[in-house]
Amino acid sequence: MSELALTKVLKVSRTPVHNAILQLIKDGLVKQDPNCRPVILGLASKDIHEIFEMRILLEGETAYLAAGRMSQKTLEKLMRLHEKTAEPKPRKKWLKGWVEYDAQF
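If you read the sequence shown in the UniProt record's numbering, its first letter stands for residue 1, the second for the next number, and so on.
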């Protein structure tokens, strides 16, 4: 997927997408094909496990800290987003919906 396509899917400007791809290349997780499109390199199951362990640690602590600081209005918005993610969706629309709700969260 091109950087431009990623910016549209993620609804962000090109600079953070470009910088994230450069970091992923530096980390050895992505390479660029001859057309300068990012290509995800294969990950070992051990690597995937480590990534999820780190996310669990960081996201849990972050959510805990954020929960103590958010307004009632923000909490209600997050609850609505949570309810939307729990609604059943056709397989093709699931990923797009998840990315959209995750970005709003």
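Heads up, the beta-carbon is just placed ideally off N, CA and C, and yes, glycines get one too.
What's the C-alpha gap between residue i and residue j?
i   : j    : result
P38 : L24  : 9 Å
A67 : A44  : 34 Å
D33 : F105 : 32 Å
K96 : L22  : 24 Å
M54 : N35  : 32 Å
A5  : N19  : 15 Å
F52 : K26  : 20 Å
I48 : Q72  : 35 Å
L75 : A63  : 12 Å
L58 : K46  : 19 Å
K92 : L65  : 34 Å
Given a threshold of 16 other Cβ atoms within 10 Å of its Cβ, counted over all protein chains shown, does residue i qualify as buried or as exposed?
i   : result
V12 : exposed
V17 : buried
For residue i versus residue j, is the C-beta distance shorter than 9 Å?
i   : j   : result
L81 : M70 : no
L10 : A86 : no
Using only alpha-carbon positions, find the residue among the options that is nearest to residue i.
i   : options        : result
L41 : I56, K31, L4   : K31
K84 : R91, E100, D27 : E100
Excluding the 5 residues flanking residue i on each side, which residues of the same chain have their C-beta closer than 8 Å to its C-beta?
i   : result
G28 : L41
R14 : E3, L4, T7
W98 : T85
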